[in-house]
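Visitor:
Numbering (the UniProt record's numbering), first residue to last: 1 to 840.
1) Quick one, which of 756, 482 and 774 has its alpha-carbon nearest residue 797's?
2) Just to confirm, are residue 385 and residue 197 a CB contact at a threshold of 8 angstroms?
3) If contact is defined by three or more beta carbon pairs under 8 angstroms, each pair taking one atom from either stretch, is the segment 235-250 in contact with the segment 298-307?
4) Should residue 493 go down as buried or exposed, given a rule of 16 or more other Cβ atoms within 10 Å for buried?
5) Pick from 754, 776 and 420: whose alpha carbon is nearest that of residue 661?
6) What does a CB cutoff of less than 7 angstroms around residue 820 pick up in its chain, not counting 5 residues either side in sequence?
7) Between the Cα of residue 138 and the Cα atoms of 148, 124, 255 and 340, which residue gives the shortest distance?
8) Which residue comes first and which comes last in the alpha helix (DSSP H) that contains residue 142?
9) Flag this pair as yes or no: are the beta carbons of residue 722 and residue 769 separated by less than 8 angstroms?
10) Cβ of residue 468 within 8 angstroms of Cβ of residue 458?
11) Within a Cβ cutoff of 6 angstroms, which residues of the same chain sit near residue 165, ignoring the five residues on either side of it in sequence?
12) With a cut-off of 8 angstroms on the beta carbons, I'd call residue 793 and residue 763 a contact; round off their distance for me.
13) Along the chain, where does the beta strand (DSSP E) containing residue 697 start, and where does it finish?
14) Which residues bound the beta strand (DSSP E) around residue 450?
15) On the criterion of 16 or more Cβ atoms from any shown chain inside 10 Å, does residue 683 qualify as buried, or is it exposed?
16) Verify whether the separation of the beta carbon atoms of residue 812 and residue 774 is less than 8 angstroms.
17) Please classify residue 352 as buried or exposed, where buried requires at least 16 neighbouring CB atoms within 10 angstroms.
18) Compare the C-beta of residue 674 with all C-beta atoms of chain D and state if any pair is closer than 8 angstroms.
19) Apart from the five residues on each side of it in sequence, which residues of its chain come closer than 7 angstroms, Cβ to Cβ, to residue 545?
20) List, from N- to C-terminal side, the beta strand (DSSP E) runs of 3 residues or more that fit wholly inside the segment 754-827.
21) DSSP three-state call for residue 493: helix, strand or coil?
22) In chain order, what are the residue ranges of uninterrupted alpha helix (DSSP H) at least 4 long that sit wholly in the segment 255-307?
23) Looking at C-beta atoms only, is the number of pairs between the segment 424-432 and the segment 560-569 that lie closer than 8 angstroms three or more?
24) Could you work out which residue in 158, 136, 123 and 130 is closest to residue 144 when comparing CA atoms only?
25) Nearest-angstrom Cα distance between residue 697 and residue 370?
26) Just to confirm the assignment: which complete alpha helix (DSSP H) runs, minimum length 4, are found wholly within the segment 329-390?
27) Can you give me the Cβ contacts of residue 495 inside the same chain, cut-off strictly under 6 angstroms, excluding the 5 residues immediately before and after it?
28) Based on Cα-Cα distance, which residue from 750, 482 and 725 lies nearest to residue 737?
29) Is it true that the CB of residue 328 sits closer than 8 angstroms to the CB of residue 653?
30) Could you tell me the alpha carbon to alpha carbon distance between residue 232 and residue 672, rounded to whole angstroms?
31) When we look at the beta-carbon of residue 592 and count the other beta-carbons within 10 Å, is it buried (16 or more) or exposed?
32) Kindly indicate which residue of 156, 149 and 204 has the alpha-carbon position closest to the one of residue 705.
33) I'd like to know if the segment 145-159 and the segment 270-282 are in contact, where contact means that at least 3 CB-CB pairs between them fall below 8 angstroms.
34) Strictly by DSSP, which residues pair up with residue 537?
35) Straight-line CA distance for residue 280 to residue 305?
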């Protein structure tokens, strides 16, 4: 969901807040005759509970002074302590004099202020979720919390989720973040299983799967109006807080801290209640929906207990939790949580907790990895927590999960991805001795087409977004391309814009001109062709475990080609010995405006030689005695085992493997590029003083979700770009934020950017660095990786930050760079040293 923070409209002059009730109508019963009151001014409409109560008291005092005859009569009063603090932090009058009213009347008609301090759920906020799961006692905490929740309705409190958020946000350690989520999920599994699914959705910053995405539809003005109304902020106060913190959640945190009293005691928020409120916001449509959404937002803020709950409610509303957890982290946490805990009455078995606690680090890692593979594989085939979580609660982490929550029509599976190679020679080296297929890599949009036996068609993007409405012409083709023996299928291909008359390929920019919704066949001006390349499901049977050669044969034999509308990707089957023909095929692909080629393994490896070359670490195999050299009795050096897995030709959803390789025309041995995320900047010097220069860029950590700084860049920018970038990241704008916990960098930039775009960068080489954190732990425990001579090339408008270069890939490039340097050194002419200088 898009973040409303990016579309914030501050202090809108056209806002129309609801009118407040008059004093008489507020206190008199329904039978009383209404007295017409003057319209309240705007200032009264945005008063906090405490300020409004004080204003009412002042009016009553003035009324009493002007009507001496009413001395001794019963009238409403405010009961409060001798000294309290106002939201602005100034001391309030020590006493509001009201001695004329008898005690009994005071007790009957008192407007009472509730202290907002001490309302936090201290029981939930004390649970040590950040402990090692091997020692964390989930059963003990679940029992204590159940007793605590029983006094408040019985369901798990939102404060418990807030506690997990606080601990996750307080560390950059991926291990700690995962442990925190694991223990939190365990407490819910054992204490309130019904709250587990809503908690997973809230912790993953979403409320629905991507293919059926629900939009909250909240603008920044909705959040602003709610903050002003509930916490008594005025326009200037709100602007001051936002300029200082740059994060809507932090603004709510500070505003809640300043709120001393409320007219009503907060009703404890529940995890299920917050989730249901978000669903109501998303499902509110039509006339009056904005008012409905506004009331729900205000009620959520009103019922928060403590500043931290306010912070995370608002961050949830703007869809930016900032806890350093991503999809992969949640899947890992779920898989581990169900190794330790199960709900009451569940029939699946667990290993004794003491047994897991006694496992060594490597043994525990193997147990974790097995569970994670099952959960990740299930989610990759069926990416919907609404189905995954109930299955886990019923059967736990077992192989049956892949059947119960597996491939289903009209629910997209996550696509398999290809690894990048430096050039054709690198590709041929990787696939030496294997049969493979080279395919044109078209410049279009990847599409996954589903069709059931009733003829219903769904089309999904590579990001799992439903785009059936965008391509009604492809939907209308399905009855024509489906052969007689095909009842249902899932196929994958590339949608490419083509010339209506000649069928010539058009660039991707032409395809972007098509509307995305409500496209009518008669209104289509951009013709497309679907180039199919894989078949993953046929007639009710998944084909993921079949070799690529077999899947491709079924695709081409059972479906009907329609020129310039539906056809197969152009391909060439070859081996590493066919270098000349592969080179010619690559050139032909680039000549027709393709991006390059995709290379795919055709069959699974079966011969012994191949298994030896691509050995897999297997701890179950016995270790053979090593031979001893007969001359000196010394054992020969043992070849270092490799973790490289055998290349399979199966379809592996959501995995980037070397079974599929990309060779693009802009890749070369001497010039790699990376897709990096701009995260911060410094004030420039000299001619660049009015712009941001240099700019800090980062790679993404696919496991933790953190952004790891990799380099500063001040090369490749034009003055026009500098100015546009300065305008975009102007100080005080929503695109400039306070220091984010999810960006890992030791320095202090002048400004932090909201991560939202990807830049393509060229560079000379990759070096170890004590300053930058990119890939730290992957190549060195103390140092990360950095780039020498980075240069900006262009903004990658076709990529989201989730598709930016990963730290894993950066580490891979660094290793390849070292390998190449070693080969060059070995091939250097004799008499030269490593730097090529002639030795004396």
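The beta carbon of each residue, even a glycine, is placed where N, CA and C say it ideally should be.
Guide: In this structure, then:
1) To locate residue 797, count along the chain shown from 1; it is residue 797. Looking at the Cα atoms, 756 is the closest of the given residues.
2) Locating residue 385 in the chain shown gives position 385, counting from the first residue. Locating residue 197 in the chain shown gives position 197, counting from the first residue. Yes, Cβ-Cβ distance for residue 385 and residue 197 is below 8 angstroms.
3) no
4) Counting from one through the chain shown, the residue named residue 493 turns up at place 493. The residue is buried, with at least 16 neighbouring Cβ atoms inside 10 Å.
5) Taking the first residue of the chain shown as 1, we reach residue 661 at position 661. Checking every option, the nearest Cα to that of residue 661 belongs to 420.
6) If you number the chain shown from 1, residue 820 lands on position 820. Within the same chain, residue 820 has no close Cβ partners at all.
7) To locate residue 138, count along the chain shown from 1; it is residue 138. With distances taken between Cα atoms, residue 138 lies closest to 340.
8) Numbered from its first residue, the chain shown carries residue 142 at position 142. Residues 138-150.
9) On the chain shown, position 722 is the one that residue 722 refers to. On the chain shown, position 769 is the one that residue 769 refers to. It is not a contact, given that the beta carbons lie outside the stated cut-off.
10) Here residue 468 refers to the residue found at position 468 of the chain shown. Here residue 458 refers to the residue found at position 458 of the chain shown. Yes; because the gap between Cβ atoms is below 8 angstroms, this pair is in contact.
11) Within the chain shown, numbered from 1, the residue matching residue 165 stands at position 165. Correct list, in chain order: 312 and 323.
12) Here residue 793 corresponds to residue number 793 of the chain shown, with the count starting at 1. Here residue 763 corresponds to residue number 763 of the chain shown, with the count starting at 1. Not really, about 10 angstroms apart at Cβ, beyond 8 angstroms.
13) Within the chain shown, numbered from 1, the residue matching residue 697 stands at position 697. Where residue 697 is concerned, the enclosing beta strand (DSSP E) stretches over 692-700.
14) Residue numbering aside, residue 450 sits at position 450 when the chain shown is read from its first letter. Start and end: 445-451.
15) Numbered from its first residue, the chain shown carries residue 683 at position 683. Exposed, since its Cβ has fewer than 16 Cβ neighbours within 10 Å.
16) The residue given as residue 812 occupies position 812 in the chain shown. The residue given as residue 774 occupies position 774 in the chain shown. Going by C-beta atoms, residue 812 is not nearer than 8 angstroms to residue 774.
17) Taking the first residue of the chain shown as position 1, residue 352 is located at position 352. Residue 352 should be labelled exposed.
18) Looking at the structure shown, chain D is missing, and only one protein chain is on hand.
19) Position 545 of the chain shown holds residue 545. So the list reads 650, once near-sequence residues are dropped.
20) 759-762, 765-769, 784-788 and 791-795
21) As a first step, residue 493 must be located in the chain shown, where it is residue number 493. Strand.
22) 271-283 and 289-302
23) no
24) Here residue 144 refers to the residue found at position 144 when the chain shown is read from its first residue. Out of 158, 136, 123 and 130, 123 has the C-alpha closest to the C-alpha of residue 144.
25) As a first step, residue 697 is located in the chain shown; it is residue number 697 there, counting from the start. As a first step, residue 370 is located in the chain shown; it is residue number 370 there, counting from the start. If I take the Cα positions, the gap works out to 35 angstroms.
26) 353-358 and 361-381
27) Locating residue 495 in the chain shown gives position 495, counting from the first residue. So the list reads 444, 445, 447, 528 and 530, once near-sequence residues are dropped.
28) For the purposes of this step, residue 737 is taken as the residue at position 737 of the chain shown. Selected option, being the one with the closest Cα: 750.
29) Within the chain shown, numbered from 1, the residue matching residue 653 stands at position 653. Within the chain shown, numbered from 1, the residue matching residue 328 stands at position 328. No; because the gap between Cβ atoms is not below 8 angstroms, this pair is not in contact.
30) Locating residue 232 in the chain shown gives position 232, counting from the first residue. Locating residue 672 in the chain shown gives position 672, counting from the first residue. For residue 232 and residue 672, the distance between alpha carbons rounds to 54 angstroms.
31) Here residue 592 refers to the residue found at position 592 of the chain shown. Exposed, because fewer than 16 other Cβ atoms sit within 10 Å of the Cβ of residue 592.
32) Here residue 705 refers to the residue found at position 705 when the chain shown is read from its first residue. Checking every option, the nearest Cα to that of residue 705 belongs to 204.
33) yes
34) Here residue 537 refers to the residue found at position 537 when the chain shown is read from its first residue. 490 and 542.
35) Start at 1 with the first residue of the chain shown, and residue 280 comes out as number 280. Start at 1 with the first residue of the chain shown, and residue 305 comes out as number 305. Those two C-alpha atoms are separated by around 22 angstroms.
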